[in-house]
Structure formats: structure tokens, C-alpha cells
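Following our numbering, the numbering of the sequence shown begins with 203 at its first residue and continues without gaps.
Even glycine gets a Cβ: it sits at the ideal position worked out from N, Cα and C.
Scroll down for the structure; my scribbles are underneath it.
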Amino acid sequence: MRVTVEKDDRVVTVRLCRPEARNALDTALLTELVETLRPLDRDPGVGCFVLTGSDEVFAAGADIREMAGKSFLDVALDDHFAGWDAFAALRTPKIAAVAGYALGGGCELAMMCDLIFAADNARFGQPELRLGVMPGIGGTQRLTRLIGPARAMDLVLTGRQLDAAQAYRWGLVSRVVPTDRLLAEAKAAAAVVAGYPKLATMLAREAVRQAEEVGVQAGVLFERRAFHALFATEDQREGLAAFLEKRQARFVGR
Ligand code: CO8
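Pasting the structure below:
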């Protein structure tokens with residue numbers, strides 16, 4: 203088993219646990235992760251995912267041993283790493299709770315999540331050039347959008363690491379917390395997200411994601427249509443009514 207899963211009410215916490223390889227992201231881990239999360243993604247009883255590692259390592263990137271045996275044809279014909287797109291495509295909001303190293307594919311995996319919370323010992327980096335390869339699951343694109351081309355180019359071309367404070371200043375992470383508070387903080391935020399109607403959180407995160415993909419006009423149109431769609435839900439009526447009646451909303455997920 204390369205991942206463990208724990209459910210608290212509407213929050214599912216997935217922990218990468220391959221300590222002997224510093225949570226290197228091999229095909230078995232990918233398969234287990236995606237097969238675990240896919241049914242939960244569709245489960246109306248699940249409102250947010252938290253993805254975490256250990257206190258020392260979030261993930262040390264692609265499994266270098268697994269990559270070492272492969273030729274160009276192997277990776278090209280197999281479209282190696284394309285399976286990670288299935289993780290990015292999960293629609294339930296995901297929070298990466300990163301302590302320790304998030305390097306290469308580990309940093310890229312964190313960036314596939316909607317929020318990154320960093321422990322004060324977190325270290326982010328894209329060191330792939332040192333291995334004669336380059337980022338391969340979205341790092342060149344997501345890092346550039348998050349922190350801008352000058353900083354992304356610096357990290358990708360030098361392979362140097364970013365500590366948590368700098369990652370926060372550069373906008374890679376949303377919060378920095380003491381390592382021993384990381385999971386509690388991530389789960390508490392996840393519980394807030396999971397307390398909202400799932401469809402509304404899914405559409406809101408998709409709309410924010412659109413900003414990475416399209417121009418403002420098309421993005422605003424996407425937002426408007428998603429906004430309109432929520433008027434077809436009971437939860438929208440309940441949320442507005444609860445405010446006006448000065449009471450707590452009771453969402454039903456429809
Ligand atoms: N792959 C395979 N095994 C690894 C990896 C890895 N990425 N990282 C560590 N290990 C193994 C080591 O080989 C070692 O195994 P063994 O005990 O059998 O010798 C064991 O884990 C412990 O490693 P260390 O002794 O190095 O542990 P430290 O705690 O001293 O250091 C570090 C931890 C800093 C994380 C260090 O292990 C390290 O630098 N690892 C490599 C980081 C790296 O270069 N990552 C980039 C990989 S390339 C990549 O991600 C390409 C992206 C493309 C897409 C990715 C899709 C998933």
C-alpha cells in the first residue's frame with residue numbers, strides 16, 4: 203500500500219506513504235492514488251480532499267529507478283506520466299498539505315491541488331535538469347502561472363529550492379504553518395470547504411482554474427454560466443434564505 207486514506211465527516215485525507223523511497227511517485231502509487239480518489243470524487247458525501255506526505259517528505263518526485271530503465275520510445279508510446287492528468291482532473295477541491303521536500307513531480311503534484319498549505323520546514327523545487335530530464339507533469343506551466351516566468355525560469359533552470367517563507371511570498375502556497383499544526387490546519391480548512399454545497403465548490407474551483415486557460419471575457423462567461431447553474435439547486439435557495447432568516451444554512455447537496 204502506497205497511500206492511506208482516512209475520512210473525517212466530509213473530508214478525505216490521503217497520505218502518501220512510501221518512506222523507503224521518500225514518497226517517490228511511481229506508477230503503482232499513481233494507480234493506487236487515482237483508483238482511491240475517483241469514486242470518492244463522485245461521492246456526494248465527500249466535500250474536500252487533503253493530500254499529504256510525512257513530516258519530512260511530501261514527495262521526492264518521479265521514481266528515478268523506474269524512469270532509469272526507459273527509452274524515448276518507451277515513454278513516448280506509453281505517454282508516460284499522462285496518468286497524472288487524472289489526478290489534476292478530479293473535481294472535488296483538493297488541498298496539498300506539504301511538509302518537507304516537494305521536489306520535481308512532488309512539487310508538480312502539489313500544484314495540481316487547488317490550495318497548498320506549507321509547513322515551515324517545506325522545501326519546493328524542480329531539480330529535474332540535474333538528472334538530465336525536465337519537469338514532466340505540468341511544472342513548467344503551473345509554476346509559471348503561479349509565480350511568474352522570471353521566478354519559474356530561475357527555479358527550473360537552476361534547480362534551486364524554495365523554502366516555505368519564500369514560497370509564500372512568491373504566491374506558490376496559501377498558508378505557512380508550524381509543521382506540527384499542518385494537518386490540523388489543512389483539515390480545518392477542508393472542513394470549511396466541505397461544509398459548502400459540493401456543486402458550488404466544484405464550479406467555483408473550475409471557474410478559478412479557467413483563469414489559467416482562457417482570456418478574461420471567456421473566463422467571465424464561464425463564471426456567469428456556472429453562477430446561473432447554481433440557481434437550479436435547492437442549496438442555493440437554502441443558502442440565501444438562511445441568510446435572510448438569520449440562521450445557519452442546512453445544505454443537502456442538491
Ligand atoms: N525516486 C526513487 N527513489 C528515491 C527518490 C526518487 N525520486 N528520492 C529518494 N529516493 C530513494 C533513494 O534512492 C534512497 O533509496 P535507498 O535507501 O534504496 O538508497 C531513499 O529514497 C532515501 O533517499 P536519500 O538517502 O536521498 O534521502 P534523504 O532524506 O537524504 O534526501 C531527498 C531526501 C532530498 C528528497 C533526496 O532523496 C532527493 O534529492 N531525491 C531526489 C529528488 C529529485 O531529484 N526529484 C526529481 C525527480 S525527476 C521528476 O520528478 C521528473 C518529473 C516528471 C514527472 C513526475 C511524475 C510523477
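Checklist entry - Within the present structure, is the beta-carbon of TYR398 separated from the nearest heavy atom of the ligand CO8 by less than 7 Å? => result If you number the sequence shown from 1, residue 398 lands on position 196. With a cut-off of 7 Å, the C-beta of TYR398 is classified as distant from the ligand CO8, since no heavy atom of the ligand falls inside that distance.
Next on the checklist: If we require 4 or more residues per run, which alpha helix (DSSP H) segments fall completely within the region 349-387?
Outcome noted: Runs of the alpha helix (DSSP H) lying entirely within the region 349-387, each at least 4 residues long, are 351-360 and 366-371 in chain order.
Checklist entry - Starting from ARG240 and walking both ways along the alpha helix (DSSP H), at which residues does that stretch end? => result The sequence position of residue 240 within the sequence shown is 38, counting from 1. Where ARG240 is concerned, the enclosing alpha helix (DSSP H) stretches over 229-243.
Checklist entry - If you check the beta carbons only, do ILE339 and LEU317 fall under 8 Å apart? => result By one-based count along the sequence shown, residue 339 stands at place 137. By one-based count along the sequence shown, residue 317 stands at place 115. Taking a C-beta distance under 8 Å as the contact criterion, ILE339 and LEU317 do not qualify as a contact pair.
Next on the checklist: For a quick check, are the C-beta atoms of GLY308 and PRO337 less than 8 Å apart?
Outcome noted: Start at 1 with the first residue of the sequence shown, and residue 308 comes out as number 106. Start at 1 with the first residue of the sequence shown, and residue 337 comes out as number 135. For GLY308 and PRO337, no; Cβs fall outside 8 Å.
Checklist entry - Of the choices VAL259, GLU258 and PRO241, whose alpha-carbon is the least far from that of PHE251? => result Counted from its first residue, the sequence shown places residue 251 at position 49. The option with the nearest alpha carbon to PHE251 is PRO241.
Next on the checklist: I'd like the list of long-range same chain contacts for ALA392, defined as Cβ closer than 6 Å, with 5 residues on each side in sequence excluded.
Outcome noted: Along the sequence shown, read from residue 1 onward, the residue named residue 392 stands at position 190. Only VAL213, CYS250, VAL252 and ILE297 meet the Cβ criterion.
Next on the checklist: What I want to know is whether the C-beta of GLY263 ends up closer than 7 Å to one or more non-hydrogen atoms of the ligand CO8.
Outcome noted: To locate residue 263, count along the sequence shown from 1; it is residue 61. With a cut-off of 7 Å, the C-beta of GLY263 is classified as near the ligand CO8, since at least one heavy atom of the ligand falls inside that distance.
Item to check | Beta-ladder partner(s) of VAL422, from DSSP | outcome: Your numbering for residue 422 matches position 220 in the sequence shown. DSSP lists no beta-bridge partner residue for VAL422.
Checklist entry - Three-state secondary structure (DSSP) at LEU253? => result Taking the first residue of the sequence shown as 1, we reach residue 253 at position 51. It is a strand residue.
Next on the checklist: Please list the terminal residues of the continuous alpha helix (DSSP H) segment that includes LEU446.
Outcome noted: Within the sequence shown, residue 446 is the residue found at index 244, counting from 1. Per DSSP, LEU446 is one residue of the alpha helix (DSSP H) stretching across 436-446.
Item to check | Strand pairing of VAL394, partner residues [DSSP] | outcome: Position 192 of the sequence shown, counted from the start, is the residue given in the question as residue 394. VAL394 is not bridged to any residue.
Checklist entry - In the DSSP assignment, what are the bridge partners of ASP210? => result As a first step, residue 210 is located in the sequence shown; it is residue number 8 there, counting from the start. Per DSSP, VAL213.
Checklist entry - What does DSSP give as the partner residues of LEU305 in its beta bridges? => result In the sequence shown, residue 305 corresponds to position 103, counting from 1. DSSP output for LEU305 lists GLY327 as bridge partner(s).
Checklist entry - Between PHE283 and the ligand CO8, is the CB less than 7 Å from at least one heavy atom? => result As a working mapping, residue 283 is identified with position 81 in the sequence shown. Taking the Cβ of PHE283 as the reference point, at least one heavy atom of the ligand CO8 falls within a distance shorter than 7 Å.
Next on the checklist: Please classify VAL454 as buried or exposed, where buried requires at least 16 neighbouring CB atoms within 10 angstroms.
Outcome noted: Along the sequence shown, one-based indexing puts residue 454 at 252. With fewer than 16 other Cβ atoms within 10 Å, it is exposed.
Checklist entry - How would you label LYS389, buried or exposed, when you count the other beta carbons within 10 angstroms and need 16 or more for buried? => result The sequence position of residue 389 within the sequence shown is 187, counting from 1. The residue in question, LYS389, is buried, as its Cβ has 16 or more Cβ neighbours within 10 Å.
Checklist entry - So does ALA226 have its beta carbon nearer than 7 Å to some heavy atom of the ligand CO8? => result Counting from one through the sequence shown, the residue named residue 226 turns up at place 24. Flag set: Cβ of ALA226 near the ligand CO8.
Next on the checklist: Does ASP265 pass the burial test, meaning 16 or more other C-beta atoms within 10 Å, or should it be called exposed?
Outcome noted: Working through the sequence shown from its first residue, we reach residue 265 at position 63. Per the 10 Å Cβ criterion, buried.
Next on the checklist: Let me check you understand the geometry: is the CB of GLY255 closer than 7 Å to at least one non-hydrogen atom of the ligand CO8?
Outcome noted: Position 53 of the sequence shown, counted from the start, is the residue given in the question as residue 255. Every heavy atom of the ligand CO8 is 7 Å or more from the Cβ of GLY255, so no.
Checklist entry - Where do the N-terminal and C-terminal ends of the beta strand (DSSP E) with VAL259 fall, by residue? => result The count along the sequence shown starts at 1 and reaches residue 259 at position 57. 259-261 is the span of the beta strand (DSSP E), which, as asked, contains VAL259.
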